[in-house]
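Please read the structure below before turning to the comments.
Following this line, the structure appears as structure tokens:
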């Protein structure tokens, strides 16, 4: 495998702002992201885009959206680079004070989401939707773009109808693809955010080593982990720890109150942990005491499968070719699954893009990639994951990687050669 050589900035540094070395430059990151979206919007023939998806809003505005979709906030990106953002009362007031890079922040009419749903009134819902559409039409008129094509990233038939009643030329086909294209390749600072969240996840893995032992509950140890993640400035939007028989198949409740016992396999999944909005997905497997030979063999298979996939990743490679590194239902895995296709491999043997969402372009999976391939590009970031059964327990392993000129750079650094043994 060809490993990438980092330049000066590329390497985990502190999470605080300092004046004595270059770190993640959030102003540069905001500007570069907006410019990427603007360039692609103009190329697509749109004069503006109404963004309802939280990750899209954050990509363009830098505002700390939490991951939902347009319930009570929305943003309008305009062809001249201006942004109009609407938010609820306290949020909008706070943003006006704290976000000087945004100069047109307005109070939102929540035409979608919880407010109209909770009203219990069809007429109230229509009123709110119409009012929301009116706020957008007014902003377009303010910038002399009324009647020009406006993209909408999240389709909503009621909103589209209300916008068209206001004379807005709504394009529901283009905007999502524009934002997907802008976001799929990461800037330098975005990659450093993903490197940082991998490092924070490793601080969480260290808490597993220090706190997992017979007699402790999964939930107790996961509490130790999340405390450490928050201490480093992470947003904990997911993740879990599971042990013993809960590791195969993965328990539906994820972390439970199960008491750990000697000989348990334990794995922790640092998924949807965020740093400046950028999300991790990062598995490692641990053993309370020395793992058995069968468990070591299972882990070696999972690790080798994962690295077979990594060997295939480079710019210009297509996802159908890369997916062949994952196990198929005709091989050694068939006996462990009761489906006759790849649906049970979903989330278990695949790769998915990482960014402001847990799942971004590309998705590499035998279920779709063989018949619907796309080409990999330099600067894409993804998580690659595999698993194996082992004596009524299971092992999982995952790496976070960047597509580089001659292969991949691995952002995750927790030891991967063997199961991490916890000597309790």
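Numbering (the UniProt record's numbering), first residue to last: 1 to 424. Backbone N, C-alpha and C fix where the C-beta goes; we use that ideal spot for every residue, glycine too.
With a threshold of 8 Å on Cβ separation, who are the neighbours of residue i within its own chain once the five nearest residues in sequence on each side are excluded?
i	result
residue 95	63, 85, 87, 102 and 105
residue 128	109, 110, 111, 115, 116 and 119
residue 230	236
residue 107	86, 87, 88, 89 and 92
residue 124	116
Among residues of its own chain, excluding the 5 on either side of residue i, which ones have a beta-carbon nearer than 6 Å to its beta-carbon?
i	result
residue 301	388
residue 214	260, 261 and 262
residue 163	133 and 170
Considering only the beta carbon of each residue, do residue i and residue j sit closer than 8 Å?
i	j	result
residue 285	residue 391	no
residue 47	residue 145	yes
residue 401	residue 306	no
residue 171	residue 147	no
residue 381	residue 314	no
residue 28	residue 13	no
residue 219	residue 181	no
residue 264	residue 239	no
residue 373	residue 308	no
residue 271	residue 198	no
residue 316	residue 385	no
residue 205	residue 414	yes
Could you check the C-alpha separation between residue i and residue j for me, to the nearest Å?
i	j	result
residue 69	residue 262	The predicted model places residue 69 with a pLDDT of 49, which falls under 50 and marks its position as unreliable; any figure quoted below should be read in that light. Cα to Cα, the separation comes out at about 44 Å.
residue 227	residue 383	24 Å
residue 141	residue 322	48 Å
residue 251	residue 183	32 Å
residue 277	residue 356	5 Å
residue 494	residue 99	Any question about residue 494 goes unanswered here, given that the chain covers just 1 to 424.
residue 324	residue 366	7 Å
residue 378	residue 351	16 Å
residue 17	residue 359	29 Å
residue 175	residue 167	19 Å
residue 363	residue 348	13 Å
residue 130	residue 83	21 Å
residue 297	residue 185	36 Å
residue 20	residue 207	31 Å
residue 318	residue 169	36 Å
residue 56	residue 177	11 Å
residue 195	residue 45	35 Å
residue 192	residue 179	21 Å
residue 453	residue 369	Outside the modelled stretch of the chain, which goes from 1 to 424, sits residue 453, for which no answer is possible.
residue 49	residue 72	17 Å
residue 253	residue 394	16 Å
residue 409	residue 173	34 Å
Suppose the cutoff is 7 Å on Cβ atoms and the five residues either side in sequence are ignored; what does the same chain contact list for residue i look like?
i	result
residue 212	221, 260, 266, 286, 288 and 422
residue 200	229, 232, 234, 273 and 275
residue 255	218, 219, 222, 240, 241 and 242
residue 328	366
With a 10 Å radius around its C-beta and 16 neighbouring C-beta atoms as the bar for buried, classify residue i as buried or exposed.
i	result
residue 8	Note on residue 8: pLDDT 48, under 50, position unreliable in the model; no value is reported.
residue 406	exposed
residue 30	buried
residue 234	buried
residue 294	exposed
residue 138	exposed
residue 26	exposed
residue 11	exposed
residue 161	exposed
residue 424	exposed
residue 269	buried
residue 429	Past the boundaries of the shown model lies residue 429; the chain is included only from 1 to 424, so the question cannot be answered.
residue 42	exposed
residue 133	buried
residue 37	buried
residue 155	exposed
residue 81	exposed
residue 304	exposed
residue 346	exposed
residue 39	exposed
Any C-beta of chain C sitting closer than 8 Å to the C-beta of residue i?
i	result
residue 136	Among the chains in the structure shown there is no chain C, since it carries only a single protein chain.
Those runs of the beta strand (DSSP E) which lie wholly inside the region 100-170 and span at least 3 residues: 105-107 and 149-152
Those runs of the beta strand (DSSP E) which lie wholly inside the region 261-332 and span at least 3 residues: 265-269, 273-275 and 283-288
Alpha helix (DSSP H) runs contained entirely in the region 17-102, provided each spans 4 or more residues: 26-43, 54-61 and 89-98
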